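Step one of this worksheet: look at the structure below.
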Amino acid sequence: MAARGDAPAGVAAAGRAIDAAARICLLADRQPYPYGKWLLRAARDSRLGPAVTPVLDEIAATIGELSDPPEGVDFRVWTPIARLRQLRAILSSNLPAIGWAGPWVTDLGLNLPLVFRGA
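Residue numbers for the sequence shown follow my numbering, so the first one is 94 and each next one is one higher.
Set out below in structure tokens:
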């Protein structure tokens, strides 16, 4: 998406990733999801929140790079793309500590678009 200049698709995918990460935080605490407008606030208060939500905030703050990318910079190092990869690593390393295991935890990229997997 980012590599082919499809900014709306990139922004939509990043939004879905932010939403999914916030929901994982709540699932880890066995908490129900609140309405969307309170989802990130609830995620901040979860056990994983301190590790995850600063990255979510940075992705949201830099999402404009997907529609107005820095010139001459490979898309893989654009801030929102790099932070999405960082987010994947944070979740993969923290979820086993709370008892979650399996390939869907150790390779969260299985369900991410190729651009976020680093392909």
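Beta carbons are placed, not taken as given, at the ideal position from N, Cα and C, and that holds for glycine.
Since the model is a prediction, treat every value here as computed from it, not as a measurement.
Going by DSSP in three states, residue i sits in which element: helix, strand or coil?
i, result
"Ser-139", "coil"
"Val-166", "coil"
"Asp-150", "helix"
"Gly-192", "coil"
Which residues bound the alpha helix (DSSP H) around residue i?
i, result
"Gly-103", "100-121"
"Ser-185", "172-187"
Report yes if the CB atom of residue i is closer than 8 angstroms to the CB atom of residue j, and no otherwise.
i, j, result
"Pro-173", "Ala-107", "yes"
"Asn-187", "Leu-141", "yes"
"Tyr-126", "Arg-137", "no"
"Ile-183", "Ala-144", "yes"
"Ser-160", "Ala-100", "yes"
Hey, out of the options, whose CA is closest to residue i's CA?
i, options, result
"Trp-171", "Gly-129, Leu-149, Glu-158", "Glu-158"
"Gly-192", "Ala-121, Arg-116, Ala-105, Ala-102", "Ala-121"
"Lys-130", "Asp-112, Cys-118, Ser-139", "Asp-112"
Rounded C-beta distance between residue i and residue j? I'm assuming under 8 angstroms.
i, j, result
"Val-148", "Arg-176", "5 angstroms"
"Gln-124", "Ala-135", "7 angstroms"
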